[in-house]
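Asker: Structure incoming, see below.
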Amino acid sequence: MKTSLGCLHAALALVLVLALLQPAEGDCGRSDQIKCRTGNQCIYKSYICNKQSECPDGSDEDPKMCKFWPTKSQECRYESSSYIYHNGNCRTVDYMCQNSDRATNIYHQVCKVILRPKLEFEDEGMSTSGELLALLNSAVNHTLNQKLPDCPMLYSRVGNECLSFFSPARVSWAEARQFCLSIYGDLWQAKDLAAYGRLMEYMREEKLTANYWIGGRYDIDTNAWSWTTDDSTMPLGVPFWAIRYVDSCVQRGPPHTDPYSAPPAALPGARCYRAVLSPQQRSPGWCSAMTYEHFYYWTDEMCDEAYSPLCTFTGPVAAPIVADAH
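Residue numbering for the sequence shown is -26 to -1, 1 to 300, as defined by mature numbering (1 follows the signal peptide of the UniProt record, and there is no 0).
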């Protein structure tokens, strides 16, 4: 009898051990893996939104999710799994989301996905549907009709400009411009260095962290980086464009001053550097952005990336700010 009880206890103990070893529902047993939305297949988190579906249900390449997913930093382009350049190192999205301070560099919905045991995405982003655009258009038009002395609804006074930082929307460059046009504006264009300085100061004061599209793009017709509002060429060099860091040492040529030509070649024996100045691309499909990663200096980004519109008001001129004489 004791032998039977002993065997029973041993069997129960074995079942308990096996149960403890069995991963829980939705758990892959590895911190760097996540379960597909349906079924029991697990994939590495670094495979999410890499343009190659690993999940049978395609949940790792859900377009609604991937439009918010961080794009691989230029400095990390040769890394297989690390996307984000942070404090001098290439880091995974999972690593960035594990810490609340680091997570401020990531769209909050992305961290919600990566920290769950199963791929589930809830799109809380603002839609840019026709109904929404009509509503926003009506709101702006209403404030214009009231002839308010300052900027209309959705716009904020920044120096002599009325600007809209519409962070809830994350769309392609073309969609961002369409959004701005729908609210009596256009993507922001730097009128001069002073206007750019006032914009940078405002963004620092407001502690903005979103990435924004602005009105420049490489234009095949002008063969230059040009502003979309009037096709005038964008200024080159510092203090407008961001510095990027590359893996290989690149010989530096003379300053690039001609917007209609490629950067001049380096002179024989020129010193090489790992820091290069944007823009590096001169082909259609590249647009200008102001990203938090690059301290809101301009960068050249693929036009189908998902950033927020930075609009400048182009409707009836708002009254300038008049200093109080008393």
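Using N, Cα and C, we set each Cβ at its ideal position, and we do this for glycine too.
Following the continuous beta strand (DSSP E) through L284, name the residue where it begins and the one where it ends.
Answerer: In the sequence shown, residue 284 corresponds to position 310, counting from 1. Run containing L284: 282 to 287, per the beta strand (DSSP E) assignment.
Asker: Note down, one range per segment and in chain order, each beta strand (DSSP E) of at least 3 residues found wholly within the region 142 to 185.
Answerer: 159 to 161
Asker: Name the two residues that bound the continuous beta strand (DSSP E) containing Y219.
Answerer: Mapped onto the sequence shown, residue 219 falls at position 245. 217 to 225 is the extent of the beta strand (DSSP E) around Y219.
Asker: Consult DSSP for M208 and reduce its assignment to one of helix, strand or coil.
Answerer: Walking along the sequence shown from the start, residue 208 turns up at place 234. M208 falls in the coil class under three-state DSSP.
Asker: What would DSSP say about C2, mapped onto helix, strand or coil?
Answerer: By 1-based counting over the sequence shown, the position of residue 2 is 28. Three-state result, C2: coil.
Asker: Are there any heavy atoms of the ligand FMN lying less than 7 Å away from the beta-carbon of E275, as far as the coordinates show?
Answerer: With respect to small molecules bound, the structure shown includes none, and the ligand FMN cannot be examined in it.
Asker: Of the residues N197, R11, E275, Q7, which one's Cα is nearest the Cα of V145?
Answerer: Here residue 145 corresponds to residue number 171 of the sequence shown, with the count starting at 1. The candidate whose alpha carbon is nearest that of V145 is E275.
Asker: Please classify S138 as buried or exposed, where buried requires at least 16 other C-beta atoms within 10 Å of its C-beta.
Answerer: Here residue 138 is taken as the residue at index 164 of the sequence shown, counted from 1. The residue is buried, with at least 16 neighbouring Cβ atoms inside 10 Å.
Asker: May I ask you to verify whether the region 262 to 276 touches the region 179 to 192, counting CB pairs closer than 8 Å and requiring at least 3?
Answerer: yes
Asker: For A240, name the three-state secondary structure that DSSP assigns.
Answerer: The count along the sequence shown starts at 1 and reaches residue 240 at position 266. DSSP places A240 in coil when its eight states are reduced to three.
Asker: Here's the rule I'm using: 16 or more other beta-carbon atoms within 10 Å means buried, otherwise exposed. How should D195 be labelled?
Answerer: If you number the sequence shown from 1, residue 195 lands on position 221. With fewer than 16 Cβ atoms within 10 Å of its Cβ, D195 is classed as exposed.
Asker: Return helix, strand or coil for C85, following the three-state DSSP convention.
Answerer: By one-based count along the sequence shown, residue 85 stands at place 111. In the structure shown, C85 sits in a helix (DSSP, three-state: H, G or I).
Asker: Is the CB-CB distance between G227 and P238 below 8 Å?
Answerer: Mapped onto the sequence shown, residue 227 falls at position 253. Mapped onto the sequence shown, residue 238 falls at position 264. With a cutoff of 8 Å on beta-carbon distance, G227 and P238 are scored as near each other.
Asker: Which value, in whole angstroms, describes the spacing of the CA atoms of W260 and Y270?
Answerer: Taking the first residue of the sequence shown as 1, we reach residue 260 at position 286. Taking the first residue of the sequence shown as 1, we reach residue 270 at position 296. Near 17 Å, if we compare the C-alpha coordinates of Y270 and W260.
Asker: Compare the beta carbon distance of S33 and L89 with 8 Å and say whether it is the shorter of the two.
Answerer: Translated into the one-based positions of the sequence shown, residue 33 becomes position 59. Translated into the one-based positions of the sequence shown, residue 89 becomes position 115. Contact flag unset, no.
Asker: Taking its Cβ as the centre, do 16 or more other Cβ atoms sit within 10 Å of E180, making it buried, or is it exposed?
Answerer: On the sequence shown, residue 180 is found 206 positions in, with the first residue counted as 1. Exposed is the call here.
Asker: Please identify the residue among K86, T12, G243 whose C-alpha is closest to the C-alpha of D31.
Answerer: Looking up residue 31 in the sequence shown gives position 57. Closest by alpha carbon: T12.
Asker: Using the Cα positions of L173 and D221, report the straight-line distance between them to the nearest angstrom.
Answerer: Against the sequence shown, residue 173 aligns to sequence position 199. Against the sequence shown, residue 221 aligns to sequence position 247. Cα-Cα distance, rounded: 32 Å.
Asker: To the nearest angstrom, how far is the alpha carbon of M73 from that of C223?
Answerer: For this step, residue 73 is matched to residue 99 along the sequence shown. For this step, residue 223 is matched to residue 249 along the sequence shown. Reading the sequence as shown, one finds Asn at residue 73 and not Met. One C-alpha to the other measures close to 33 Å.
Asker: Quick one: grab the DSSP three-state call for D31.
Answerer: Here residue 31 refers to the residue found at position 57 of the sequence shown. Correct three-state label for D31: coil.
Asker: Starting from C71 and walking both ways along the alpha helix (DSSP H), at which residues does that stretch end?
Answerer: For the purposes of this step, residue 71 is taken as residue 97 along the sequence shown, with counting starting at 1. That run of the alpha helix (DSSP H) goes 67 to 71.
Asker: For L167, count neighbouring C-beta atoms within 10 Å of its own C-beta (all shown protein chains included) and say buried if the count is 16 or more, exposed if not.
Answerer: Position 193 of the sequence shown, counted from the start, is the residue given in the question as residue 167. Per the 10 Å Cβ criterion, exposed.
Asker: State the CB to CB distance for the pair R248 and Y219, rounded to an integer number of angstroms; the pair is presumed to be in contact (CB under 8 Å).
Answerer: Reading the sequence shown from its first residue, position 274 is the one you call residue 248. Reading the sequence shown from its first residue, position 245 is the one you call residue 219. Correct: roughly 5 Å between the Cβ atoms.
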